[in-house]
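Protein chains in written order, with our numbering: chain Z, 1 to 338; chain W, 1 to 338; chain H, 1 to 338; chain C, 1 to 338. What follows is one structure encoded as structure tokens, with my remarks underneath.
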């Protein structure tokens, strides 16, 4: 349920409504807007009808049920688009945000070379994995804290913000010390222990869609983070498993406009994992811009043939520069800046 | 195998090579280019090595194996892009071709109103089903020949070319009398009897990808048509079945750049069936343009709520006009005209 | 709608109800049972409420809506299980029916050797393709009528009934001259022109589930055949496309008990196509018996390594004999005979 | 690589080979058999050829590459079937093991009633979730440690062993104090941090296949546990996401014989999640037995309509008793006991 307060409702009235909601056994999520405050009452679906009684409480304009299974993520609750701040950046706003970098942080020269190149080409966030979820236990598992330190070095030199993956609840604190945005990988989209932990961190979370998860499930996973108190969630479409074989995944670009209808959260696209094929990244990056994405996540490596992971889908430094040049006019057609 | 003739090869030399290929038990597919002729030798994979002997035949520059299972559709055989001519139109060329109209032809006012409106908005081809493949036998099955006649009337008045579906080999001749382009629906992509019949018709064929078919299978179905002698095939991405539930299908836009790598045939996109959701058609149309498509297939209906089929995914006339306005600058960015 | 007649309803009363239904614009499908007659009124969903008026017609006990989109195939309409007769065989009854033979009819020795061996091992129906739907136009396409004649020869010598595929409406008459059961392949499950043609043939039809079709769609395809007047439809589960890679398809055995709930039609299982892996056929045949199937369709070849098609999933003759021995006690546990 | 020692190899020879393998940078996994010892050398694929040099070391009979990406789980390495011991039980042996109980532990009467009933019917292991992975944060999340204590009470009274899910690395120690078998749910199949933690616990792990994961990925996830030193892994097929809609998942029974070819680990089947439909559980349980499974995981609830989770797919107590009666002769046909 959403309790919509009147325009001139006083703080005392708002507090009173919040108290009443808690008494009825629901969690309270007030959203203070420029014009008015709305209050989300979140909890067990059964017996929610009793919240309707708040209609006659002073200062209350309306009580509206939220029909979607996700509530805090829903546009029924929050109609304005959410922007996620990372330093001076605002993701989900006029700026089209490009995050680029290698799949894995491998060593200092690799990450520094890449960071300088993607910065020069116009990226504003550096991606790079220090903790790597790998299908096989015998594959390279990441440099862990050493990798985080290399990312920090790259950040200090270039000014790029850092997005990097966290795989386990007990690593959240460590990763949050270094990262500006904490990434949840596709395989962990329904790792609910991890999501709950991330709901308690004062840092933005980039939540990737799972290999075979619906958009409703993606939004319910976002809801885990939001309902724990962290409102800074960025959604990422990165392809789903289908019957096609030439590509590693099938990039579902219709997720972009659909998520923009369903939720107020920003949406970015990862055409590198979404296709798994280097030559498809540029056209799919253009298409993602035209579909209305708020940004891109791109794998870039100075020497893809020797990459520890995902070499086949990493752009060379000059290919990434070309991508940035090519997408610019499409970004502008969308009324945004790169 | 492809036999590449020298630049100055004479007709007699070409004929001699063709004869030798036939003697060895293969079909001959000569492709006469501006600069030189190449000859495809098509047939059983086993024993193809013997064709290498043609290397020493006068006029032959090279003999190259085609590694893909599809041959005539392959860019290994034909490197220039194929353009399919429909009257003065050239699909697969500089012009970005929009085909629009109702799912089903329902009656004269419906088809005439739609034809005039889509023509005015900039479409060049009218779509509309007279033979309808419906999941249930109790759903509207189409007006059949009466529908074809209404399409012809619309063509005569507006000058729009006609694309319409054919479902059975025994209807090919009838449909070909009225249609400029014969459409094979997704459910018939592997109806090989139909494909063989269409290979013998002097009309272009629009071949839609099946619900759960790979791009390799799509190209092998095209190969059925090409190998029967009809070189005018247009491929159409229209979404595949996946785990997502909000959309009717998942539109696989990566198919567009991938098909452009694999084949010389033109590729168009159907965002109406590809999403099944009216509000997603415009953003996905833009994305299809940006992904490099040669054209679009769009469902338009003057009154979608009363449509006999697919009302949920049909644009209103004014929504279609808006779509045409919105995609124009994207088409121009791609170096094409609408 | 189903109109249930009273126990003692007269033929005149039944005829009157049928006339009334036709007047209201619906097709009539009377089902004469031992105790009473029920009449299906089939047609456009809209306006069906008016059929309720028949409640007060003499001889009518009740008028019941059928909620499923499929009607004639539904257990709501026909509660007794349908048995399909093939000569003295009754598919869908106490006998567990095994259909076996090669993927393709290749030549006389191959089909005769196989027919004798599968007969000896206990099969009652010989399978073998004369018209072959192949993904590539360059693969072996079948011996066509010559193949049908070889099947007939095998039938004459062994007494086995024949099931063989028909791919196009214009071949139905030809194939029906030779076959006891006409098979619709997975790729043609939604070839509605073919289904309508098969609805007018006085021969049983074996309808295979499509690669990516739901059971509801399978039953609606059966409905195409039933609603044209042919009540003899056998359904076949043969695996669907999924994310698994070790197997060619994923055999959905839950389809068997589910179809037995939804429909009165017999259900057989094809573990050869369902897995595509020889070593999995025996265990999956046992599992199909235990899941409640009415029969099996098994590929057998005297020399799988030299088979023109599907060698990897064909059993050797002695492997088929072993399969028959191994499944027998499971068939008996199910209260059936082999 | 597997280093196969000679029959009479001495411990000193074995130790020497192990030292040599470690010097070359590989992990050592000795498997001591009745007749001889084989030693797995596990690590980076690149440069493995140098291990071939061990061929000439005293006591070594052969050095064999393991071609599958999974090594310790592979039948190439371990040809005898592994049995996992739980008290006096041996999973993967002659006994067919049934694990039954509610989806969630809800309260004392519910779990005690269920435990007594499933024990009486012949189950040997009690299942019940205390930590529940739920798609929505607003669904019941489990009783956590209180639930574990209730399971322990049920164990003390009935003698049933306990299998229960663990969702996070930091809960492994807690859950391991109460559980006899730790379950990894489908959504956590690729939660590699959790798997690594479970590799260090002296308790068996029941690893469920993910919603859209291949069997190769399942075995690589098992490999995470095995390679950390815990050899007691039980695999569980529980259905995958497909295009079918009537069932919650598609139970892939071909996984059972396929896993028996690929791995030496025991395989059980969960027809409750695998179908999500109560009436399908009994036939699919029979089919699982016939496919060669080592056991079943069945949801049972005294009052499914009021279950906190998964009521639709829970058997009533008497339905479970019936299932046990019905599967018994099938189990015996497989040469096992219930």
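Here a beta-carbon is modelled for each residue, glycine too, at the ideal position from N, C-alpha and C. The model shown is predicted, which means the values in this text are computed figures rather than measured ones.
Inset, instruction - Give a yes or no on whether the C-beta atoms belonging to residue 59 (chain W) and residue 101 (chain W) are separated by under 9 Å. - result: Between residue 59 (chain W) and residue 101 (chain W), the gap from beta carbon to beta carbon reaches 9 Å or more.
Inset, instruction - Indicate whether at least one CB of chain Z lies closer than 9 Å to the CB of residue 1 (chain C). - result: no
Legend entry - DSSP-derived helix/strand/coil call for residue 303 (chain Z): coil
Inset, instruction - Please name the residue or residues paired with residue 249 (chain W) in a DSSP beta bridge. - result: Bridge partners of residue 249 (chain W): none, in fact.
Legend entry - 3-residue-minimum beta strand (DSSP E) runs that sit fully inside the region 198-246 of chain Z, ordered along the chain: Secondary structure in the region 198-246 of chain Z: the beta strand (DSSP E) runs of 3 residues or longer, each lying completely within the stretch, are 205-208, 233-237 in chain order.
Inset, instruction - Report the rounded CA-to-CA distance for residue 109 (chain C) versus residue 324 (chain C), giving the unit in angstroms. - result: Separation of residue 109 (chain C) and residue 324 (chain C) (C-alpha to C-alpha, rounded to the nearest whole angstrom) is 23 Å.
Inset, instruction - Measuring only between beta-carbons, confirm whether residue 212 (chain Z) sits less than 9 Å from chain H. - result: yes
Legend entry - Option in H:147, H:22, H:272 with minimal Cα separation from residue 174 (chain H): H:147
Inset, instruction - List the residues that DSSP assigns as beta-bridge partners of residue 30 (chain C). - result: Note: residue 30 (chain C) sits in a beta bridge opposite C:39.
Inset, instruction - Determine the DSSP secondary structure at residue 4 (chain H), reduced to helix, strand or coil. - result: strand
Legend entry - Under 9 Å (Cβ pairs) to chain Z, residues found in the region 227-247 of chain W: Against chain Z - using a Cβ distance shorter than 9 Å - the residues of the region 227-247 of chain W are 239, 240, 241, 242, 243, 244, 245, 246, 247.
Inset, instruction - Answer with buried or exposed for residue 94 (chain W), where buried requires no fewer than 16 other C-beta atoms within 10 angstroms of its C-beta. - result: exposed
Inset, instruction - Using the DSSP secondary-structure output, state which residues sit across from residue 90 (chain Z) in a beta bridge. - result: Note: residue 90 (chain Z) sits in a beta bridge opposite Z:85.
Legend entry - Close Cβ partners of residue 41 (chain H) (< 6 Å) along its chain, the five nearest in sequence each way excluded: 1, 21, 26, 51
Inset, instruction - Could you tell me whether the Cβ of residue 291 (chain C) comes closer than 9 Å to any Cβ of chain H? - result: yes
Legend entry - CA-to-CA distance, residue 204 (chain C) to residue 166 (chain C), given in whole angstroms: 12 Å
Legend entry - Neighbourhood of residue 336 (chain C) by C-beta, 6 Å cutoff - its chain only, sequence neighbours within 5 removed: So the list reads 94, 96, once near-sequence residues are dropped.
Inset, instruction - Tell me residue 100 (chain H)'s beta-bridge partners as DSSP assigns them. - result: H:126, H:298
Legend entry - Beta-carbon proximity of residue 183 (chain H) to residue 158 (chain H), cut-off 9 Å: no
Inset, instruction - Tell me residue 95 (chain W)'s beta-bridge partners as DSSP assigns them. - result: W:337
Legend entry - Through-space distance from residue 15 (chain H) to residue 315 (chain H), alpha-carbon basis: 53 Å
Legend entry - Selected residue, minimal CA-CA separation from residue 145 (chain H), among H:179, H:275, H:114: H:179
Inset, instruction - Going by DSSP, name the residue or residues bridged to residue 182 (chain C). - result: C:164, C:205
Inset, instruction - Identify, in the order they occur along the chain, each residue of the same chain with its Cβ nearer than 7 Å to the Cβ of residue 220 (chain H), setting aside the five sequence neighbours on each side. - result: 69, 70
Inset, instruction - Report yes or no: do the region 246-257 of chain H and the region 288-295 of chain H share at least 3 C-beta pairs separated by less than 8 Å? - result: With a cut-off of 8 Å, the region 288-295 of chain H and the region 246-257 of chain H count as touching, because enough Cβ pairs lie within range.
Legend entry - Inter-stretch contact (C-beta, 8 Å, three-pair minimum) for the region 188-197 of chain Z and the region 185-196 of chain C: Look at the beta carbons and you see the region 188-197 of chain Z touching the region 185-196 of chain C: at least three pairs across the two are nearer than 8 Å.
Inset, instruction - Take residue 137 (chain H) as the anchor and find which of W:273, W:130, W:280, W:197 has the nearest alpha-carbon. - result: The residue with the shortest Cα to Cα distance from residue 137 (chain H) is W:197.
Legend entry - Simplified DSSP state of residue 193 (chain Z), which is helix, strand or coil: helix
Inset, instruction - Taking only the alpha-carbon atoms, compute the straight-line gap between residue 233 (chain C) and residue 160 (chain C) and give it to the nearest angstrom. - result: 19 Å
Inset, instruction - Would you mind reading off the limits of the beta strand (DSSP E) that contains residue 61 (chain C)? - result: 60-64
Legend entry - contact_flag[the region 7-14 of chain W, the region 77-85 of chain W] where n(CB pairs < 8 Å) is 3 or more: no
Inset, instruction - Please state whether DSSP places residue 263 (chain H) in a helix, a strand or coil. - result: strand
Legend entry - residue 172 (chain C) (DSSP reduced to helix, strand or coil): helix
Inset, instruction - With 7 Å as the C-beta to C-beta threshold (strictly closer), list the residues of the region 193-227 of chain C near chain Z in chain order. - result: 193, 211, 212, 217, 220, 223, 224, 227
Legend entry - Inter-stretch contact (C-beta, 8 Å, three-pair minimum) for the region 233-250 of chain Z and the region 266-275 of chain Z: yes
Legend entry - Pairwise C-alpha distance: residue 333 (chain Z) and residue 326 (chain W): 10 Å
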